[in-house]
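Q:
Protein chains: 2
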Amino acid sequence: MGHEVQLEDLYQKQFDPVLSIDERLSYYQENYDSSKVSPEVEKLTNTDALVLIFPTWWFGFPAILKGWFDRVWAPTIAYDHANDYGPIRPKLNNLKKTFVVTTLGAPWWVDCIILRRPVKRILRFALLGACAKKCKLKFLSFYKCESVNSVRIDKQLHKIEDELTKFFGNNSNLSAPGDGEKACRP
Amino acid sequence: MGHEVQLEDLYQKQFDPVLSIDERLSYYQENYDSSKVSPEVEKLTNTDALVLIFPTWWFGFPAILKGWFDRVWAPTIAYDHANDYGPIRPKLNNLKKTFVVTTLGAPWWVDCIILRRPVKRILRFALLGACAKKCKLKFLSFYKCESVNSVRIDKQLHKIEDELTKFFGNNSNLSAPGDGEKACRP
Numbered sequence: 009m010g011h012e013v014q015l016e017d018l019y020q021k022q023f024d025p026v027l028s029i030d031e032r033l034s035y036y037q038e039n040y041d042s043s044k045v046s047p048e049v050e051k052l053t054n055t056d057a058l059v060l061i062f063p064t065w066w067f068g069f070p071a072i073l074k075g076w077f078d079r080v081w082a083p084t085i086a087y088d089h090a091n092d093y094g095p096i097r098p099k100l101n102n103l104k105k106t107f108v109v110t111t112l113g114a115p116w117w118v119d120c121i122i123l124r125r126p127v128k129r130i131l132r133f134a135l136l137g138a139c140a141k142k143c144k145l146k147f148l149s150f151y152k153c154e155s156v157n158s159v160r161i162d163k164q165l166h167k168i169e170d171e172l173t174k175f176f177g178n179n180s181n182l183s184a185p186g187d188g189e190k191a192c193r194p
Numbered sequence: 009m010g011h012e013v014q015l016e017d018l019y020q021k022q023f024d025p026v027l028s029i030d031e032r033l034s035y036y037q038e039n040y041d042s043s044k045v046s047p048e049v050e051k052l053t054n055t056d057a058l059v060l061i062f063p064t065w066w067f068g069f070p071a072i073l074k075g076w077f078d079r080v081w082a083p084t085i086a087y088d089h090a091n092d093y094g095p096i097r098p099k100l101n102n103l104k105k106t107f108v109v110t111t112l113g114a115p116w117w118v119d120c121i122i123l124r125r126p127v128k129r130i131l132r133f134a135l136l137g138a139c140a141k142k143c144k145l146k147f148l149s150f151y152k153c154e155s156v157n158s159v160r161i162d163k164q165l166h167k168i169e170d171e172l173t174k175f176f177g178n179n180s181n182l183s184a185p186g187d188g189e190k191a192c193r194p
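Residue numbers (this note's numbering), protein chains in the order written: chain A, 9 to 194; chain B, 9 to 194.
Here it is as C-alpha cells:
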C-alpha cells in the first residue's frame, strides 16, 4: 500500500513568496486570484497529509515558506471568510495529518519558555485550527542545531523515522533517504 | 530639530525576501555575503529608530518583511555568532527605539491568550533581544481590522499619533500623513 508522495521544494522551483497586489486586491472579493499559484493550490487541496521540513529562522518560517502560507492558504482555497468577518470557515477538509521536522539554533527552553513555541502554536491554532480542524499535528523540533555532530544527527534521523512510522503507519514510505538528513543540517 | 526619516517600502522596491544559496553558504563563514542587500544593510546599521508598519498575516510578518529579517538581520551585520554557538552577540548598538504598528483580522484574545502575541514576542526577545539589547519597543496592534469603520480608523490614527509623540518626543515628524492611515486598511 503505502502513500503516493509528491515532493515540493520551494527553493528548487524558485517559488515567489510575495503576495502580489492582484492577490491582495482580490483577497476580499468573491474569487481570490490564485492564477499565479494554481499548481500549489492543486497540490494543497488534494493532499491528505503534509510533511513540512524547514529550518526555523528567527522563531518563524523562512520567508519562502511563510509566503506559501500567505499566498496559497488563502480565501476560497484553504478557508472561506465568514459573512461577518467572524471565525473563518475551514476548507482543507481532506487534510488529516501534518508532520513537521524543523531545526533551531536556540536551546529548547528559549523556544518553549521565552517564545512559547510560536511556529508550533501558529500551525496548530491558526493555520490548521482555522483551515483543517480535524488535522492531527506531530511536531519535531531539533534544538541547538548549529553545534551538531554525527552522533546527534544519527539519533535525530532515527527519531524522525520512528515518529514517521508511528504517525503514518508501518507501510509508510515517507522516510525517503535524504529528506530527514536535509532537515538536520544547520 | 526633529528626525531625519527614510522611508523603506519593501513592496515598492520589489525586495526579494528569499535568503539566497550564496547567503546561506556564507552564513557561518567569516564574512556573510550581504552584497545583494547592501542598501538595506546600510540603512539598518545607521538608524537609531525603526518604525515598522505591516499587516500581521497568519500571526506572523508578511513574507516580504520576514525575508528582510532573514537576509538583513544577519551575522556580521545585526549580530555576531558566539564562538561556541552560544547566545549571539548584538551588533545593532545604534538602534535605540522600535515602534510597531500592525493590523490583525483576529480579536485581541486570540492573539494574546491562544497565540501569546508571537510577533511582539519574537521582536522583543529574539530580534531586538539578541541584536539590539538596549532598544525600547512600543507595539500597537489593531485587532478585528477586517470590519473597521471610519470612526474606528480615526480613533486608531489618533492613538498612533499620540503614542508616536510619547515615544519619540514632541519634535517628532514621524507621524507623516499616509503612514498611519495605510496601516489601518484591512
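Idealized CB from N, CA, C, for every residue including glycine.
Compare the C-beta of I61 (chain A) against all C-beta atoms of chain E and say whether one is closer than 8 angstroms.
A: The displayed structure is made up of protein chains A and B, and chain E is not among them.
Q: What do you reckon, are the CB atoms on T173 (chain B) and S149 (chain B) nearer than 8 angstroms?
A: Looking up residue 173 (chain B) in the second sequence gives position 165. Looking up residue 149 (chain B) in the second sequence gives position 141. Not a contact, by the Cβ cut-off of 8 angstroms.
Q: Here's the rule: buried if 16 or more other CB atoms are within 10 angstroms of the residue's CB, otherwise exposed. What is I130 (chain A)?
A: As a working note, residue 130 (chain A) is residue 122 in the first sequence. The residue in question, I130 (chain A), is buried, as its Cβ has 16 or more Cβ neighbours within 10 Å.
Q: How is the alpha helix (DSSP H) around F176 (chain A) delimited, first residue to last?
A: Residue 176 (chain A) sits at position 168 when you count from the first residue of the first sequence. Run containing F176 (chain A): 158-176, per the alpha helix (DSSP H) assignment.
Q: Of all the residues that make up the segment 46-74 of chain A, which are near chain B by a beta-carbon distance shorter than 8 angstroms?
A: Under the 8 angstroms Cβ criterion, the segment 46-74 of chain A contributes W65, W66, F67, G68, F69, P70, A71, I72, K74.
Q: What number of angstroms, rounded off, separates the C-alpha of H123 (chain B) from the C-alpha of F133 (chain A)?
A: Here residue 123 (chain B) refers to the residue found at position 115 of the second sequence. Here residue 133 (chain A) refers to the residue found at position 125 of the first sequence. According to the sequence provided, residue 123 (chain B) is Leu. The question's His does not apply to it. The straight-line gap from Cα to Cα measures roughly 7 angstroms.
Q: Out of A:L33, A:Y35, A:L73, which has the shortest C-alpha to C-alpha gap to D17 (chain A)?
A: If you number the first sequence from 1, residue 17 (chain A) lands on position 9. The shortest Cα separation from D17 (chain A) among A:L33, A:Y35, A:L73 belongs to A:L73.
Q: Determine, for L100 (chain A), whether the minimum Cβ-Cβ distance to residues of chain B falls below 8 angstroms.
A: Residue mapping note: residue 100 (chain A) aligns to position 92 of the first sequence, counting from 1. Output row for L100 (chain A): interface = no.
Q: In chain order, which continuous runs of the alpha helix (DSSP H) of length 4 or greater are located wholly inside the segment 18-86 of chain B?
A: As far as the segment 18-86 of chain B is concerned, its whole alpha helix (DSSP H) runs of at least 4 residues are 29-33, 46-54, 71-80.
Q: In terms of DSSP beta bridges, what is D92 (chain A) paired with?
A: To locate residue 92 (chain A), count along the first sequence from 1; it is residue 84. Answer is none; D92 (chain A) lacks a bridge partner.
Q: In chain order, what residues of the segment 115-141 of chain B put their CB closer than 7 angstroms to some CB of chain A?
A: Residues passing the 7 angstroms Cβ filter: I122, L123, R124, P126, R129, I130, F133, A134, L135.
Q: Could you work out which residues of chain A lie near D78 (chain B), taking near to mean beta carbons separated by less than 8 angstroms?
A: Here residue 78 (chain B) refers to the residue found at position 70 when the second sequence is read from its first residue. Here the neighbours are W65, W66, P70, A71.
Q: List the residues of chain A that P25 (chain B) touches, going by C-beta distances under 8 angstroms, in chain order.
A: Position 17 of the second sequence holds residue 25 (chain B). Within 8 angstroms Cβ-Cβ: P25, V26, A71, I72, G75.
Q: Going along chain B in order, which residues have a C-beta closer than 8 angstroms to the C-beta of S158 (chain A)?
A: Within the first sequence, numbered from 1, the residue matching residue 158 (chain A) stands at position 150. The contacting residues do not exist; S158 (chain A) stays about 17 angstroms from chain B at best.
Q: With a 10 Å radius around its C-beta and 16 neighbouring C-beta atoms as the bar for buried, classify P95 (chain B) as buried or exposed.
A: Start at 1 with the first residue of the second sequence, and residue 95 (chain B) comes out as number 87. When all chains shown are included, P95 (chain B) counts as exposed.
Q: Please confirm whether N178 (chain B) has its beta-carbon closer than 8 angstroms to some beta-carbon of chain A.
A: As a working note, residue 178 (chain B) is residue 170 in the second sequence. No, N178 (chain B) does not count as interfacial toward chain A.
Q: Any chance the segment 79-89 of chain B sits against the segment 97-104 of chain A, with 3 or more Cβ pairs inside 8 angstroms?
A: No: the two stretches stay apart, fewer than three of their Cβ pairs being nearer than 8 angstroms.
Q: With burial defined as no fewer than 16 other Cβ atoms inside 10 Å of the residue's Cβ, what is the status of D56 (chain B): buried or exposed?
A: Here residue 56 (chain B) corresponds to residue number 48 of the second sequence, with the count starting at 1. Result: exposed.
Q: Say whether chain A places a C-beta atom closer than 8 angstroms to the C-beta of S149 (chain B).
A: Taking the first residue of the second sequence as position 1, residue 149 (chain B) is located at position 141. It does not; no Cβ of chain A falls within 8 angstroms.
Q: Consult DSSP for V127 (chain A) and reduce its assignment to one of helix, strand or coil.
A: In the first sequence, counting from the first residue as 1, residue 127 (chain A) sits at position 119. Reduced to three states, the DSSP call for V127 (chain A) is helix.
Q: Using 8 angstroms as the threshold, is the segment 111-121 of chain A in touch with the segment 147-162 of chain A, meaning 3 or more CB pairs across them?
A: A contact exists between the segment 111-121 of chain A and the segment 147-162 of chain A.
Q: Does chain B have any CB closer than 8 angstroms to the CB of E154 (chain A)?
A: Along the first sequence, read from residue 1 onward, the residue named residue 154 (chain A) stands at position 146. With 8 angstroms as the cut-off, E154 (chain A) counts as an interface residue toward chain B.
Q: Please classify L145 (chain B): does DSSP put it in a helix, a strand, or coil?
A: Your numbering for residue 145 (chain B) matches position 137 in the second sequence. Residue state, collapsed to three classes: strand.
Q: Cβ of F77 (chain B) within 8 angstroms of Cβ of P70 (chain B)?
A: Position 69 of the second sequence, counted from the start, is the residue given in the question as residue 77 (chain B). Position 62 of the second sequence, counted from the start, is the residue given in the question as residue 70 (chain B). No, the Cβ-Cβ distance between F77 (chain B) and P70 (chain B) is not below 8 angstroms.
Q: Decide if Q20 (chain A) is buried, meaning its Cβ has at least 16 other Cβ atoms within 10 Å, or exposed.
A: Taking the first residue of the first sequence as position 1, residue 20 (chain A) is located at position 12. Exposed is the call here.
Q: Please report the straight-line C-alpha distance between D41 (chain A) and D30 (chain A), rounded to a whole angstrom.
A: Taking the first sequence and counting its residues from 1, one reaches residue 41 (chain A) at position 33. Taking the first sequence and counting its residues from 1, one reaches residue 30 (chain A) at position 22. Between D41 (chain A) and D30 (chain A), the C-alpha separation is close to 7 angstroms.
Q: Closest by CA to L135 (chain B), which one among B:I85, B:V45, B:L33, B:S46?
A: Working through the second sequence from its first residue, we reach residue 135 (chain B) at position 127. If we check each option's Cα against that of L135 (chain B), B:I85 comes out closest.
Q: Rounded to a whole number of angstroms, what is the C-alpha to C-alpha distance between N178 (chain B) and N54 (chain A)?
A: Against the second sequence, residue 178 (chain B) aligns to sequence position 170. Against the first sequence, residue 54 (chain A) aligns to sequence position 46. About 56 angstroms.
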